[in-house]
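**Q** Top to bottom, those sequences are chains A and B.
First residue of the first sequence? That's 16 in this note's numbering, and the numbers climb one at a time after it.
First residue of the second sequence? That's 16 in this note's numbering, and the numbers climb one at a time after it.
Yeah, the Cβ is synthetic: ideal placement off N, Cα and C, and Gly gets one too.
Because the structure is a prediction, the values reported are computed rather than measured.
Take this structure first; my questions come after.
Protein chains: 2
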Amino acid sequence: MTITVIGIGLIGGSMAISLKENGFADRIIGVDQSQDNLDKAVRRRLIDEDMDLESAIVESDIIVLSIPVDAMLQILPKVLDLVDDQVVIDVGSTKMELMKSVENHPKRKQYIGTHPMAGTEYSGPEAAIPNLFSKKTTVICDAKQSKKEVVDLVEKMYNSMEMKILHMDAESHDIHTAYISHISHISSFALALTVLEKEKDEKTILDLASSGFSSTVRLAKSSANMWVPVFQQNRDNVLDVLDEHINSLSKFRTLLIKKDFKKIHELIKQSNDIKRILNS
Amino acid sequence: MTITVIGIGLIGGSMAISLKENGFADRIIGVDQSQDNLDKAVRRRLIDEDMDLESAIVESDIIVLSIPVDAMLQILPKVLDLVDDQVVIDVGSTKMELMKSVENHPKRKQYIGTHPMAGTEYSGPEAAIPNLFSKKTTVICDAKQSKKEVVDLVEKMYNSMEMKILHMDAESHDIHTAYISHISHISSFALALTVLEKEKDEKTILDLASSGFSSTVRLAKSSANMWVPVFQQNRDNVLDVLDEHINSLSKFRTLLIKKDFKKIHELIKQSNDIKRILNS
């Protein structure tokens with residue numbers, strides 16, 4: 016099995032290592048607009064070789080698109096124009112707009128939208144790591160729009176990476192990821208800004224940064240090039256969740272103003288229920 | 016050197032192990048209102064023995080108070096009433112109110128307020144771990160209010176734990192911790208509530224929880240009994256920072272509404288500057 020990965024960054028590079036190491040792929044071809052990234056990927060043995068897009072597609076059984084979601088809108092139709100019976104997937108963080116962009120493409124049934132829910136705050140081929148996906152969940156979207164053989168092969172691929180598969184329509188996917196991923200990023204970016212603003216006057220403040228703080232703002236290291244297009248494509252859902260999150264914070268604010276510490280205690284107890292999820 | 020630790024939880028228990036293991040203490044006495052905690056602490060070898068408060072103080076060179084900050088206001092004056100020339104420290108997360116509560120105590124100079132900036136989202140003696148404090152920062156507050164020998168001994172103790180020492184007045188401490196610790200907790204509690212509220216309708220949502228989400232809401236597992244008194248004692252500072260954080264989030268909200276993604280890109284780039292701190 017030959018797999019082409021378009022976009023050899025954190026996600027594409029980590030998939031490349033996983034699929035080669037677990038034996039699902041015999042050969043990984045890398046395609047990337049940055050020759051520097053490709054050279055790094057060859058040196059790190061993330062890919063076996065690099066090629067231009069057209070040649071790579073001819074040689075491949077599966078083509079994985081792992082590029083920022085704005086570029087995805089440009090490249091996916093182009094890839095579908097070029098495929099014959101190859102299987103095409105994307106691994107982007109938003110789905111509605113992308114699915115819509117190819118809904119009438121004659122090769123639509125060769126494509127399936129997926130989203131492996133894993134990542135770190137780093138990016139680029141140097142950030143790629145093995146086992147990033149193991150035991151995590153991947154979403155497969157609107158499987159009925161694809162050929163059965165395509166779905167079967169893609170499920171087999173994710174199974175080889177030891178991922179749990181969850182089927183979902185694109186609309187639900189975009190709502191859920193707004194809650195479970197996109198809002199965490201906005202919350203971290205905003206918290207980092209709040210504290211960095213204060214640091215302008217108080218130079219010592221950040222000597223105190225403890226592991227709790229680091230954990231909460233870790234995602235604020237994430238790449239703007241990757242995340243802005245996600246917020247752009249999932250704007251309406253992100254706005255809904257952001258409103259709800261600001262409401263939750265305002266609830267704490269009102270209770271602090273009223274000195275209603277009994278009710279704050281209740282809210283914290285309720286929020287502790289998150290243990291149920293994080294420990295599972 | 017005999018050290019009494021009052022409150023054998025995450026912080027007290029971890030200090031007990033560290034100070035015994037590094038040889039600074041020959042003997043650790045535990046005092047706790049829960050006999051169950053004391054039994055666990057003896058079984059886990061966090062302490063050598065348990066005692067009542069009065070007997071423990073007589074036997075000790077240093078007394079460490081590591082109890083929730085509301086209980087601290089009750090117990091610290093009581094401990095100072097009982098000491099002769101023993102050294103007393105607390106390790107609580109707020110300082111202004113506590114310092115004020117003992118400012119006229121005849122034994123004030125035997126006491127020094129400190130705050131080792133380390134912790135996890137867990138609590139109780141089962142959460143105590145060695146090396147929790149190593150390479151972290153501890154704050155020592157208003158050292159001029161204490162005898163020089165007291166300051167020297169406490170610095171020696173924190174040095175033995177490989178902690179970096181930062182001197183600060185109580186007022187600055189409470190402002191800084193509001194930024195660097197207390198707001199992270201409120202942000203996590205609020206985010207957990209936001210997502211748990213949504214989960215009532217959408218059962219599958221939390222199958223998607225990725226490591227990014229887990230990191231951002233990890234602190235929402237924290238104990239209400241410990242944190243409510245912190246917010247109570249540091250209410251004004253926490254309110255200021257919470258207002259600023261809600262403002263930062265509202266900035267993202269406004270830009271999303273206006274679809275000003277260029278400006279969102281700039282904000283994210285600014286927030287990325289947090290790397291400088293988190294990697295140091």
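1) What first and last residue would you give for the beta strand (DSSP E) that runs through P131/A?
2) Are the segment 77-87 of chain A and the segment 95-115 of chain A touching by the rule of at least three beta carbon pairs closer than 8 Å?
3) When the Cα of F39/B is compared with those of D216/B, A205/B, D76/B, R58/B, which residue comes out closest?
4) Could you check which residue in L282/A, K284/A, D222/A has the C-alpha nearest to that of A133/B?
5) Report all residues from its chain with a CB closer than 7 Å to the CB of K213/B; omit the five preceding and five following residues, and keep chain order.
6) When DSSP labels each residue in this structure, what does V102/A get in the three-state scheme?
7) Applying the criterion that 16 or more other CB atoms from any shown protein chain within 10 Å of the CB defines a buried residue, is P140/B buried or exposed?
8) Do you know offhand how far F228/B's Cα is from K93/B's?
9) Report the start-end ranges of each alpha helix (DSSP H) in the segment 185-255 of chain B that is 4 residues or longer and not cut off at the edges.
10) Does DSSP put G45/B in a helix, a strand or coil?
11) So I34/A and I18/A are in contact, right, with Cβ under 8 Å, and what is the actual spacing, rounded?
12) Counting only beta-carbon atoms, is T152/A nearer than 8 Å to chain B?
13) Less than 8 Å between the CB atoms is what I'm expecting for E177/A and S149/A, so what's the real figure, rounded?
14) According to DSSP, simplified to helix, strand and coil, what is T135/A?
15) Against chain B, with Cβ distances strictly below 8 Å, would S138/A count as a contact?
16) Alpha carbon to alpha carbon, how far is K274/B from L95/B?
17) Short of 7 Å in beta carbon distance, which residues of its chain neighbour S237/B, apart from the five on each side in sequence? Order them along the chain.
18) Determine the direct distance from the alpha carbon of I44/B to that of I144/B, and round the result to whole angstroms.
19) Counting only beta-carbon separations shorter than 8 Å, does S81/A have a partner in chain B?
20) What would DSSP say about I77/A, mapped onto helix, strand or coil?
21) Check whether the segment 183-194 of chain B and the segment 151-158 of chain B are in contact - that is, three or more C-beta pairs closer than 8 Å.
22) Is there a Cβ of chain B sitting closer than 8 Å to that of M111/A, yes or no?
23) For L61/A, does the three-state DSSP call read helix, strand or coil?
24) Would you tell me roughly how many angstroms separate the C-alpha atoms of R42/B and M16/B, rounded to the nearest one?
25) Using a C-beta cutoff of 8 Å, does D51/A count as contacting chain B?
26) Secondary structure at M30/A, three-state DSSP: helix, strand or coil?
27) Suppose the cutoff is 8 Å on Cβ atoms and the five residues either side in sequence are ignored; what does the same chain contact list for M114/A look like?
28) When you compare only the Cα positions, how much space is there between D54/A and H120/A?
29) So does F228/A have its beta carbon nearer than 7 Å to some heavy atom of the ligand COA?
30) Quick one: does Q285/B have its CB under 8 Å from some CB of chain A?
31) Using CA atoms only, rank isn't needed, just tell me which of A235/A, P244/A, S196/A is closest to L271/B.
32) Determine the burial state of Q89/B: buried for a count of at least 16 other Cβ atoms within 10 Å of its Cβ, exposed for fewer.
33) Using the beta-carbon of each residue, which ones in chain A are nearer than 8 Å to Q48/B?
34) What's the gap between the Cα of K215/A and the Cα of M111/A?
35) Please work out which residues of its chain come closer than 7 Å, Cβ to Cβ, to S263/B, disregarding the five sequence neighbours upstream and downstream, and give them in chain order.
**A** Judging by the given coordinates:
1) 126-131
2) yes
3) D76/B
4) D222/A
5) Excluding residues within five positions, the ones whose Cβ falls inside 7 Å are I220.
6) strand
7) Buried, since its Cβ has 16 or more Cβ neighbours within 10 Å.
8) 43 Å
9) You should have 185-192, 198-214, 226-232, 239-248.
10) strand
11) Reading off the sequence, residue 34/A comes out as Leu, not Ile. L34/A to I18/A, Cβ: 6 Å. Contact.
12) yes
13) 4 Å
14) coil
15) no
16) 60 Å
17) E136, H200
18) 17 Å
19) no
20) Judged by DSSP in its simplified three-state form, I77/A adopts strand.
21) yes
22) no
23) L61/A falls in the coil class under three-state DSSP.
24) 7 Å
25) no
26) Per DSSP, reduced to three states, the secondary structure at M30/A is helical.
27) G128, C156, D157, Q160, A185
28) 33 Å
29) Only the bare structure without any ligand can be found here, which leaves the ligand COA out of the picture.
30) Yes, contact with chain A.
31) P244/A
32) So Q89/B ends up on the exposed side.
33) Those do not exist, as Q48/B stays about 19 Å from chain A at its closest Cβ, beyond 8 Å.
34) 41 Å
35) none
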